[in-house]
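The structure under discussion appears below in the form of structure tokens.
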Amino acid sequence: MSRPTSATIHLDALRHNLTTIRAAAPSSRVMAVVKADGYGHGLERVALALQAADAFGVAALADAERLRAAGLSQRIVLLSGFDEPADLTLLQALAVDTVIHHPDQVAMLEALPSGPAIRCWLKIDTGMHRLGIAPGEAAAVAARLHALPTVAPELVSMSHFASSDEFGGAATMAQLDCFNDVAAQLPGPRSLANSAAVLGWPQAHADWIRPGGALYGMSVVPGTTGADFGLRAAMTLSTRLIAVNRVKAGEPVGYSGAFVCPEDMRVGVAAIGYGDGYPRHVPSGTPVLVNGQGVPLIGRVSMDLMSLDLRSQPNAQVGDPVQLWGPHLPVEHIASIAGTIGYELTCSITRRVRFIED
Ligand SMILES: *Cc1c(COP(=O)(O)O)cnc(C)c1O
């Protein structure tokens, strides 16, 4: 039997989520964020399923090249912007939009002799203090961009939220106020909302929303899953049982004997581990589905394998299906046990996992 570990990508769920997101922000255009290989779901696969999006957001020019090579003609926005003059020729050749987050980039554009006009998104730092032009400098930077024949006349004003997962929170209120003050002096469309802001900050929807995680059915709002917002999980991570053993009371299971059997019990071994991207540091008790029923993982997760407590499943046998996350076991639950967010888990699936579309 070949290794049974696979990630099934539910294309219908991706399309359903785009429809749900559009309904939540009916006056906005949608930039589908597909950075990090479509949050681990597969860049081309996701973009082809989401062709109804108005644009795609990527973090690397190489991703934009892949999308164009796949035949996608939508707008593509390089969210982290370009780094060097050579990138500009590529942006022109691929007709890719770029974010401008630093005055040094304006200088590079001023030195660009000619070619098609590049569409620019002016990123304003309204409080996240990662990428962005200071609010007081935005108008001057915009004026320099407007003066250039190699920059398209329509400049989108944008900003990014640090804490939009906290609905009603003061930090996001302050960022919104700051953005509205700056954008009042700038003509052109506006864009602020990541997934959490699409779901919980309607006053931030503006002209373009930029959902990523929500498209894949994931929520980063603490204590919630995508399903709470009508979204559907786009990935099922699964494998099979490759052994079922009887282990005696008092015997340890796995590395360092981190789990000791409290009684004679059946222990299943599933063909998945941290070498596939499942988080190694989750504790005994983390739920896994065997034949669709929850059982606890026991002991340490190994590179290729994990052990499962099959006391609740006397009939489980080799070959039975195992799911690590998916529509019936939200990745957000596993992520919260692992001390992270679902995005990190789906982004961490490794190359040896077989991807299947359904
Ligand atoms: C990643 C990213 C998004 C999408 O964030 P989600 O939480 O996945 O919706 C939106 N805008 C920018 C600038 C980003 O970098």
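Here the sequence shown is numbered in this note's numbering, starting from 73 and rising by one per residue.
Note that the Cβ used here is the ideal one computed from N, Cα and C, for glycine as well.
{"query": "Test item: CB-CB of M378 and I428 under 8 angstroms", "result": "no"}
{"query": "Beta-carbon gap between L86 and A306 smaller than 8 angstroms", "result": "yes"}
{"query": "Between the CA atoms of D176 and I93 - distance to the nearest angstrom", "result": "35 angstroms"}
{"query": "The stretch 241–251 in contact with the stretch 215–224 per 3-pair CB rule at 8 angstroms", "result": "no"}
{"query": "beta-carbon V292 near ligand 1 non-hydrogen atom, thresh 7 angstroms", "result": "yes"}
{"query": "Euclidean distance between Cα positions of E323 and I370", "result": "13 angstroms"}
{"query": "Pocket of ligand 1 defined by Cβ to heavy atom distance under 5 angstroms", "result": "V105, L151, H232, N266, S267, R282, P283, G284, G285"}
{"query": "Distance between beta carbons of L264 and F233, contact taken as under 8 angstroms", "result": "7 angstroms"}
{"query": "Reduced DSSP category for E156 - H, G, I as helix; E, B as strand; rest coil", "result": "coil"}
{"query": "Per DSSP, cross-strand counterpart(s) of I370", "result": "S379"}
{"query": "Whole-angstrom distance between D135 and A167, CA atom to CA atom", "result": "13 angstroms"}
{"query": "heavy atom of ligand 3 below 7 angstroms from A141 C-beta", "result": "Among the ligands present in this structure, namely ligand 1, ligand 3 is not found."}
{"query": "Q164 - DSSP class collapsed to helix/strand/coil", "result": "helix"}
{"query": "C-beta atoms of T91 and T311 nearer than 8 angstroms", "result": "no"}
{"query": "Touching by the beta-carbon criterion (3+ pairs, under 8 angstroms), the stretch 206–214 and the stretch 252–260", "result": "yes"}
{"query": "Neighbour-count burial assignment, R282, 16 or more Cβ in a 10 Å radius", "result": "buried"}
{"query": "Bridge partner(s) assigned by DSSP for W273", "result": "W273 is not bridged to any residue."}
{"query": "Where the alpha helix (DSSP H) containing M200 begins and where it ends", "result": "M200 -> no alpha helix (DSSP H), and no H or E assigned at all."}
{"query": "8 angstroms Cβ cutoff, S99 in contact with chain B", "result": "The chain inventory of the structure shown lacks chain B, comprising one protein chain alone."}
{"query": "Cβ contact (3+ pairs, closer than 8 angstroms) linking the stretch 108–127 and the stretch 416–430", "result": "yes"}
{"query": "Per-residue burial, R338 [other beta carbons within 10 Å of its own, 16 or more giving buried]", "result": "buried"}
{"query": "Classification of V362 by the beta-carbon crowding that lies within 10 angstroms, buried from 16 upward", "result": "buried"}
{"query": "Straight-line gap, M103 to K320 (C-alpha atoms, nearest Å)", "result": "55 angstroms"}
{"query": "Strand pairing of C192, partner residues [DSSP]", "result": "T170"}
{"query": "Reduced DSSP category for T297 - H, G, I as helix; E, B as strand; rest coil", "result": "coil"}
{"query": "Under 8 angstroms between C-beta atoms of C333 and V341", "result": "no"}
{"query": "For N317, the residue or residues it bridges with in DSSP", "result": "V339"}
{"query": "Integer-rounded CB distance, given that G357 should sit under 8 angstroms from N89", "result": "Contact doesn't hold; Cβ gap of about 30 angstroms is too wide."}
{"query": "Helix, strand or coil at E323 [DSSP, three-state]", "result": "coil"}
{"query": "Under 8 angstroms between C-beta atoms of A189 and A165", "result": "no"}
{"query": "Distance between A407 and G260 (C-alpha atoms, nearest Å)", "result": "39 angstroms"}
{"query": "Three-way DSSP call (helix, strand, coil) for A219 in this model", "result": "coil"}
{"query": "Close beta carbons around A268, own chain, < 7 angstroms, minus the five adjacent residues each side", "result": "S236, D237, V292, V293"}
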